[in-house]
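Reading through the structure tokens given below for one structure.
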Amino acid sequence: MINGKQCTITWYVDNNKLSHVDSKVVDEVLKMVKGHFGELVISRGKEHDLLGMKIKICDDRKVDILMIDQIQEAIDMFPEPLEGKVSSPVAKHLWKTNDGCRELDKERSDLFHSTTENYSLLVNDQDQIWSLQ
């Protein structure tokens, strides 16, 4: 609590969020954080880029989250052509393993895990993809 009001600071890897009802308090806290970590990229207002997402706080108390750039990045990093159409990003056979298959080499394994992590951020409850606009 600062000046009787909640001050919230969140960290996720190298991304942070700081909020307080008084912008002067935000300025003072930022000064302390900069003193410890050095220069920061600061975003204020209703539109932000965070972890590949474009976040917009709307006047009707809603939040728009666009992940088109993140989806394109995941598609671009896939080493093989993507063909065909599917009705859902998740099918039951994707959750089964084939114990008889050979292991991926390190490069393909790293790429698989990186791509899978990107896709996992786009999928909710294993059968619903977040609404994209």
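Sequential numbering of the sequence shown, starting at 951, is according to my numbering.
All C-beta atoms in this analysis are idealised placements derived from N, C-alpha and C, irrespective of residue type, glycine included.
Cα atoms of residue 1020 and residue 951: separation of roughly 36 Å, rounded to the nearest angstrom.
Fewer than three pairs of CB atoms, one per stretch, sit closer than 8 Å, so the region 977–989 makes no contact with the region 1006–1026. Under the three-state reduction of DSSP output, residue 1004 falls in the strand class. Separation of residue 987 and residue 961 (C-alpha to C-alpha, rounded to the nearest whole angstrom) is 13 Å.
According to the DSSP secondary-structure assignment, residue 962 is paired through a beta bridge with 965.
Within the same chain, and ignoring the five residues on either side of residue 999 in sequence, the residues whose Cβ sits closer than 8 Å to its Cβ are 993 and 1005. Nearest to residue 1029 by C-alpha distance, out of 997, 1017, 1051 and 1062, is 1062. When beta bridges are read from the DSSP output, residue 998 appears opposite 1005.
Looking at the DSSP output, residue 1015 sits in a beta bridge with 1005.
Within the same chain, 1006 and 1007 come within 7 Å of residue 996 by CB-CB distance, once the 5 residues on both sides are set aside.
Annotated three-state conformation of residue 1042 is helix, per DSSP. Here residue 981 carries a helix assignment [DSSP, helix/strand/coil]. Closest in alpha carbon position to residue 964, among 1017, 975, 1046 and 1001, is 1001.
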